[in-house]
Amino acid sequence: MPKLKTRRGAAKRFKLTATGKVKRSRGYLRHMLSSKTRKQKRHLRKSAIVHKADERAIKRLLPNH
Numbered sequence: 004m005p006k007l008k009t010r011r012g013a014a015k016r017f018k019l020t021a022t023g024k025v026k027r028s029r030g031y032l033r034h035m036l037s038s039k040t041r042k043q044k045r046h047l048r049k050s051a052i053v054h055k056a057d058e059r060a061i062k063r064l065l066p067n068h
């Protein structure tokens with residue numbers, strides 16, 4: 004059986020936690036920042052856990068992680 008290749012685009016966007024959950028960064032922090040509040044931008048800097056419904060599909064893209 005050949006080696007499984009990791010989808011590089013997914014590897015750059017997602018990380019696995021020690022318990023096996025998938026961590027992601029939040030969106031909406033790239034442009035038009037003047038219209039967003041300081042509090043909103045501060046909370047968007049923090050990472051989030053991927054929803055349970057999407058977790059299986061993302062883990063399939065990261066076979067060796």
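Residue numbers (the numbering used here): 4 to 68.
Where a beta carbon is used, it is the ideal one built from N, C-alpha and C, also for glycine.
Judged by their CB atoms, R29 and L47 are nearer to each other than the 7 angstroms cut-off. When the five nearest sequence neighbours on each side are left out, the beta carbons in the same chain lying within less than 7 angstroms of the beta carbon of A51 are those of R27 and R29, in order along the chain.
Contact between A13 and I61 is confirmed by a C-beta separation of about 6 angstroms, below the 8 angstroms threshold. Within the same chain, L47 come within 7 angstroms of Y31 by CB-CB distance, once the 5 residues on both sides are set aside.
Note: A51 is bridge-paired with R27 in the DSSP secondary-structure output.
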